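The block underneath contains the structure these notes are about, expressed in structure tokens.
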Amino acid sequence: MNETLFQILVIVGVLLGTVSLAAALIYVERKMLAVWQQRLGPNRVGPFGIFQVLADMIKIFFKEDWIPPFVDKKVFILAPTIIMLTVLMSFAIIPFAPGVVVADLNIGLLFFFAMSSLGAYTIVLAGWSSNNKYSLLGGVRGAAQMISYEVFMGLSLMGVIIQTGSFNMTDIVNAQKDVWFVVPQFIGFVIFMIAGIAETHRLPFDLPEAESELISGFHSEYSGMKFGMFFVGEYLGITLVSCLITVLFFGGWLGPSFLPPFIWFIIKMFCFILFFVLLRATLPRPRYDQLMSYGWKLLLPLALLNVLITGAIVLSAQ
Amino acid sequence: MDVIFYISAIVALLCTIMVVTRKHIVHAFLYLVVSLFAISVIFFVSGAPFVAALEVIVYAGAIMILFLFAIMMLNLGKDSVKKEKVLLTPGIWTLPTILCVVLLIELVYAFRSVRLAGSPVKIIDAAQVSNSLFGGYVLAVELTGMLLIAGIVGAYHIGKEKKREYHRYLQTNDSENE
Numbered sequence: 001m002n003e004t005l006f007q008i009l010v011i012v013g014v015l016l017g018t019v020s021l022a023a024a025l026i027y028v029e030r031k032m033l034a035v036w037q038q039r040l041g042p043n044r045v046g047p048f049g050i051f052q053v054l055a056d057m058i059k060i061f062f063k064e065d066w067i068p069p070f071v072d073k074k075v076f077i078l079a080p081t082i083i084m085l086t087v088l089m090s091f092a093i094i095p096f097a098p099g100v101v102v103a104d105l106n107i108g109l110l111f112f113f114a115m116s117s118l119g120a121y122t123i124v125l126a127g128w129s130s131n132n133k134y135s136l137l138g139g140v141r142g143a144a145q146m147i148s149y150e151v152f153m154g155l156s157l158m159g160v161i162i163q164t165g166s167f168n169m170t171d172i173v174n175a176q177k178d179v180w181f182v183v184p185q186f187i188g189f190v191i192f193m194i195a196g197i198a199e200t201h202r203l204p205f206d207l208p209e210a211e212s213e214l215i216s217g218f219h220s221e222y223s224g225m226k227f228g229m230f231f232v233g234e235y236l237g238i239t240l241v242s243c244l245i246t247v248l249f250f251g252g253w254l255g256p257s258f259l260p261p262f263i264w265f266i267i268k269m270f271c272f273i274l275f276f277v278l279l280r281a282t283l284p285r286p287r288y289d290q291l292m293s294y295g296w297k298l299l300l301p302l303a304l305l306n307v308l309i310t311g312a313i314v315l316s317a318q
Numbered sequence: 319m320d321v322i323f324y325i326s327a328i329v330a331l332l333c334t335i336m337v338v339t340r341k342h343i344v345h346a347f348l349y350l351v352v353s354l355f356a357i358s359v360i361f362f363v364s365g366a367p368f369v370a371a372l373e374v375i376v377y378a379g380a381i382m383i384l385f386l387f388a389i390m391m392l393n394l395g396k397d398s399v400k401k402e403k404v405l406l407t408p409g410i411w412t413l414p415t416i417l418c419v420v421l422l423i424e425l426v427y428a429f430r431s432v433r434l435a436g437s438p439v440k441i442i443d444a445a446q447v448s449n450s451l452f453g454g455y456v457l458a459v460e461l462t463g464m465l466l467i468a469g470i471v472g473a474y475h476i477g478k479e480k481k482r483e484y485h486r487y488l489q490t491n492d493s494e495n496e
């Protein structure tokens, strides 16, 4: 009974924690962008503008949730729910501390791949159902981008899986007791991070919603809370990729014992979240063909080479 | 576990029927995706978590997205709905349905005589699947690989296009002579 209660607590905690963190990230991102671009950032609502998120939330909840008459209504409503659903489901496999995990699946990493590949539906369906040529272009771009970068994302993690011998996330963390996987799997780490940014379609890889050419692409027609779901879904995606980088390459909860494991996890995760914000503040957006050729001509061979070398080394060490 | 199997089997069946009867192609497509999910759950319950994950990653996540991609490119709108309406008249679907029902009755009759042993579910993990893939079935894996390479080369050949300049200042003499 006690264990069941603990499980329920973990589930509710992960759900509330991630969603509120995603909302808070809106403020963090705006403030950090301001710091890096030498501006003030939000500073009107409350001390240092920390209630900005609250004000934004109130605004977005009370906005009219308008469905344009020319859209395919059912699909239009379905599309934004998919991104929230898939990203929140992916958090189920993240071990935040020893034993604190919603579902300790033995196919953990594969479950994440499955969920992230389903995430592509949200862009494609939103772009198609909006019945708008800019949205359609955004949807087509998004589909091609996400399918391409999923390939390298999967391949870049194969090195970690070969070294651990398991898809289970807890096993992967425990295998990093001696040395974090970022050292032997540095190429895998870099490729995974690039693919992770492309999967969450953040700047610099935000071509599906490039506001200067596609007037925010696949979600042009969305308003109110439906737009809010895309928005929060993107921040949830950043949090998820940061969590995964922490677990897969930086030893998860492992760290010197003067801080509890959970705190170590959170510290590492925040470093990567801030790194993603820094990327947004500094890098320009590539052209679409550059994005594609960069992926298929550089990242794919590199990822394959990484798998080959890791496999050879592990095999010869046996 | 039996209950989960029956529920997902019913969902899969219903969704597949909906795929055939929907007139709008994207709606039919979405039912197909749900049907694939249900089949993935059946795999999971039957003790094949690896195959269940691959079903979602490969079929629902990659192949179906490519289908949707093609549908978006073709922009099948009201015209295709009209065409589908003609296709789904009772005269067309009655005979196949009767034939299918006959087959179904035969299937039920055949299964009635076989006693289904309620054997405990044996979980087959990823390592076992890969051992048999790269052990006993290595020839099939390599042949599939060759087929994929052939597909990629073919697609590249079809997709390759000679660069054409449409602006008159940039046109070279070759294109003028043609």
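From first to last, the protein sequence lines stand for chains A and B.
Using my numbering, the first residue of the first sequence is number 1, and each one after it goes up by one.
Using my numbering, the first residue of the second sequence is number 319, and each one after it goes up by one.
Where is the CB? At the ideal position from N, CA and C, for every residue including glycine.
Note that the structure is predicted; figures quoted are calculated from it, not measured.
Contacts of residue i in chain A (Cβ-Cβ under 7 Å)
i: proline 414(B); result: Those within 7 Å of proline 414(B) in chain A number zero; the least Cβ separation is about 28 Å.
i: aspartate 443(B); result: Asn106
i: alanine 371(B); result: Ile107, Leu110, Phe111, Ala114
Residue i and residue j closer than 8 Å at C-beta
i: valine 75(A); j: leucine 125(A); result: yes
i: isoleucine 273(A); j: leucine 85(A); result: no
i: threonine 18(A); j: leucine 236(A); result: yes
i: threonine 339(B); j: leucine 406(B); result: yes
i: serine 334(A); j: serine 220(A); result: This structure cannot speak to residue 334(A), because chain A is shown only from 1 to 318.
i: alanine 330(B); j: isoleucine 357(B); result: yes
i: leucine 302(A); j: isoleucine 187(A); result: yes
i: serine 148(A); j: methionine 115(A); result: no
i: alanine 378(B); j: phenylalanine 347(B); result: no
i: phenylalanine 218(A); j: serine 293(A); result: no
i: tryptophan 296(A); j: methionine 390(B); result: no
i: methionine 153(A); j: phenylalanine 192(A); result: yes
i: phenylalanine 98(A); j: proline 261(A); result: For the record, residue 98(A) in the displayed sequence is proline; it is not phenylalanine. Against a cut-off of 8 Å, the Cβ pair of proline 261(A) and proline 98(A) comes out as a contact.
i: valine 337(B); j: tyrosine 324(B); result: no
i: lysine 341(B); j: lysine 396(B); result: no
i: proline 69(A); j: tyrosine 222(A); result: no
i: phenylalanine 249(A); j: phenylalanine 189(A); result: yes
i: tyrosine 27(A); j: isoleucine 8(A); result: no
i: valine 351(B); j: methionine 382(B); result: yes
Beta-carbon contacts of residue i that lie in its chain and below 6 Å, excluding the five residues immediately before and after
i: threonine 310(A); result: Gly159, Ile162
i: isoleucine 82(A); result: Tyr121, Thr122
i: valine 439(B); result: Gly365
i: leucine 118(A); result: Thr86
i: arginine 30(A); result: Gly41, Pro42
i: asparagine 495(B); result: Low confidence applies here, because asparagine 495(B) scores a pLDDT of 49, under 50, leaving its location unreliable and the question unanswered by this model.
i: glycine 108(A); result: Ile93, Phe167, Asn168, Met169
i: valine 447(B); result: Phe368
i: alanine 195(A); result: Tyr149, Phe152, Met153
Contacts of residue i in chain A (Cβ-Cβ under 9 Å)
i: methionine 390(B); result: Val124, Gly127, Trp128, Leu136, Gly139, Val140, Ala143
Proximal residues of chain B, C-beta to C-beta of residue i below 8 Å
i: valine 75(A); result: Val344, His345, Leu348
i: serine 117(A); result: Val374, Ile375, Ala378, Gly379, Ala380, Ile383
i: phenylalanine 167(A); result: Ala444
Partners in chain A for residue i, counting only beta-carbon separations shorter than 8 Å
i: leucine 386(B); result: Tyr121, Val124, Leu125, Trp128, Ala143
i: phenylalanine 368(B); result: Ile107, Leu110
i: alanine 473(B); result: What alanine 473(B) touches in chain A: nothing, since even the nearest Cβ is about 13 Å away.
Residues near residue i in its chain [Cβ-Cβ closer than 7 Å; skip 5 each side]
i: leucine 21(A); result: Thr239
i: threonine 246(A); result: Gly252, Phe265, Lys268, Met269, Phe272
i: alanine 444(B); result: Phe368
i: alanine 468(B); result: none
i: isoleucine 320(A); result: No statement about residue 320(A) is possible, as the shown extent of chain A runs from 1 to 318 and does not include it.
i: glycine 233(A); result: Ile83, Met84, Val87
i: phenylalanine 361(B); result: Val369, Ala370, Glu373
i: lysine 478(B); result: none
i: alanine 210(A); result: Gly217, Arg285
Under 9 Å from the C-beta of residue i: neighbouring residues of chain B
i: isoleucine 147(A); result: Gly379, Ala380, Ile383, Leu384, Phe387
Same chain, Cβ closer than 8 Å to residue i, five either side skipped, listed in chain order
i: valine 10(A); result: Val100, Val101, Val102
i: leucine 279(A); result: Ile197, Arg202, Leu203, Pro204
i: valine 173(A); result: Pro95, Val247, Gly251, Gly252, Trp253, Leu254
i: alanine 327(B); result: Ala356, Ile360
Review point. If you scan the stretch 439 to 484 of chain B from start to end, which runs of the alpha helix (DSSP H) of 4 or more residues do you find wholly inside it?
Key: 444 to 451, 456 to 477
Review point. Is the stretch 209 to 217 of chain A touching the stretch 136 to 156 of chain A in the sense that three or more CB pairs, one from each, lie closer than 8 Å?
Key: yes
Exercise for review: Pick out the complete alpha helix (DSSP H) segments inside the stretch 87 to 175 of chain A, 4 residues or longer, and give them in chain order.
Suggested key: 108 to 129, 133 to 164, 169 to 174
Point to revise | Any 3 or more C-beta pairs closer than 8 Å across the stretch 320 to 337 of chain B and the stretch 165 to 175 of chain A | key: no
Practice item. Spell out a yes or no on whether the stretch 169 to 183 of chain A and the stretch 31 to 44 of chain A are touching, meaning 3 or more CB-CB pairs, one atom from each, closer than 8 Å. Key: Output reads no: the stretch 31 to 44 of chain A does not touch the stretch 169 to 183 of chain A.
Check your understanding: What residue ranges within the stretch 237 to 278 of chain A form continuous alpha helix (DSSP H) runs of no fewer than 4 residues, ordered along the chain?
Key -> Runs of alpha helix (DSSP H) with 4 or more residues, each lying fully within the stretch 237 to 278 of chain A, are absent.
Check your understanding: If you pair each beta-carbon of the stretch 198 to 207 of chain A with each one of the stretch 47 to 67 of chain A, do three or more pairs fall below 8 Å?
Key -> no
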